[in-house]
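Asks: Submitted below is the structure of interest, expressed as structure tokens.
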Amino acid sequence: MKTTIYTCAKCEFENSDFSTWGHHYYKIDTHFITINRDIAICYSCKSIVSAEILPFENEINNLEIEKSVSKAELEAIKLALSSRKTGPRCLNCGSHDFEFIPNFKISKEQVRYRLPVRTGLFHRNCGGRIYADTDTPKFFMGDRLPKRYYNKDGIEIKSPINFK
Ligand SMILES: [Zn+2]
Ligand SMILES: [Zn+2]
């Protein structure tokens, strides 16, 4: 796995994308649905996090999960996802107060000279530009990548076993 360290050009902010590693699922009844997410800066937990990208209606309609799911169960899952009333959340702390980090390009020179890359995002706290340093040593975690579970409203469930 590759880590990226994000830093602010103006203040002390520095954080890795470590909390975004692993697998994130909605648990609906006994089913696990992969959460669509992207990397963001959260102003509530002050970290680089994964934040939800809520599915559009047509994505919910085209949802495909395990073949063993009955038609009725699939309908129940779609209904749970489409009845969501709350906006997207930080998957680390549950806050809505985050900003996605826009996609950024890495040039050959930046790779060659190991330069931090400008992201298109400015730190709301201080106005400084957020830089990404993708040249961070890689760790091997094998299949020990964490799995995290959330209810349909994007709130983390600490021990999914108890919710069956
Ligand atoms: Zn800053
Ligand atoms: Zn947060």
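Read in order, the letters of the sequence shown correspond to residues 28 to 191 in our numbering. Here a beta-carbon is modelled for each residue, glycine too, at the ideal position from N, C-alpha and C.
Kindly give me the distance between the Cβ atoms of residue 80 and residue 65, rounded to whole angstroms, as I take these residues to be in contact under 8 Å.
Replies: What you label residue 80 is simply residue 53 of the sequence shown in a count that begins at 1. What you label residue 65 is simply residue 38 of the sequence shown in a count that begins at 1. Contact flag correct, Cβ pair sits at about 6 Å.
Asks: Among 63, 125, 85 and 132, which one has its Cα closest to the Cα of residue 49?
Replies: Indexing the sequence shown from 1 puts residue 49 at position 22. The shortest Cα separation from residue 49 among 63, 125, 85 and 132 belongs to 63.
Asks: State yes or no: is the C-beta of residue 125 nearer than 7 Å to some heavy atom of ligand 1?
Replies: Within the sequence shown, numbered from 1, the residue matching residue 125 stands at position 98. Not so, every heavy atom of ligand 1 lies at least 7 Å from the Cβ.
Asks: Would you mind reading off the limits of the alpha helix (DSSP H) that contains residue 105?
Replies: Here residue 105 is taken as the residue at index 78 of the sequence shown, counted from 1. Per DSSP, residue 105 belongs to the alpha helix (DSSP H) from 98-109.
Asks: Please classify residue 116: is it buried, with 16 or more other beta-carbons within 10 angstroms of its beta-carbon, or exposed?
Replies: Residue mapping note: residue 116 aligns to position 89 of the sequence shown, counting from 1. For residue 116, the number of other beta carbons within 10 angstroms of its own is at least 16, and it is reported as buried.
Asks: Under DSSP, the beta strand (DSSP E) around residue 39 begins and ends at which residues?
Replies: Within the sequence shown, residue 39 is the residue found at index 12, counting from 1. No beta strand (DSSP E) holds residue 39; DSSP gives it neither H nor E.
Asks: Just grab the DSSP bridge partners of residue 149 for me.
Replies: Along the sequence shown, one-based indexing puts residue 149 at 122. Looking at the DSSP output, residue 149 sits in a beta bridge with 156.
Asks: From residue 124 to residue 70, what distance separates their C-alpha atoms?
Replies: The sequence position of residue 124 within the sequence shown is 97, counting from 1. The sequence position of residue 70 within the sequence shown is 43, counting from 1. Rounded to whole angstroms, residue 124 to residue 70 spans 6 Å at the Cα level.
Asks: On the criterion of 16 or more Cβ atoms from any shown chain inside 10 Å, does residue 113 qualify as buried, or is it exposed?
Replies: Position 86 of the sequence shown, counted from the start, is the residue given in the question as residue 113. Residue 113 should be labelled exposed.
Asks: Going by DSSP, what residue range makes up the beta strand (DSSP E) through residue 126?
Replies: Numbered from 1 along the sequence shown, position 99 holds the residue referred to as residue 126. 125-127 is the span of the beta strand (DSSP E), which, as asked, contains residue 126.
Asks: Can you check which of these residues, 31, 118 and 98, is closest to residue 61 by C-alpha distance?
Replies: Indexing the sequence shown from 1 puts residue 61 at position 34. Considering only alpha carbons, the answer is 118.
Asks: According to DSSP, what are the bridge partners of residue 54?
Replies: The count along the sequence shown starts at 1 and reaches residue 54 at position 27. Answer is 59, bridged to residue 54.
Asks: Excluding sequence positions up to five away, which residues of its chain have a Cβ less than 7 Å from the Cβ of residue 173?
Replies: Position 146 of the sequence shown, counted from the first residue, corresponds to residue 173. So the qualifying residues of the chain are 48 and 49.
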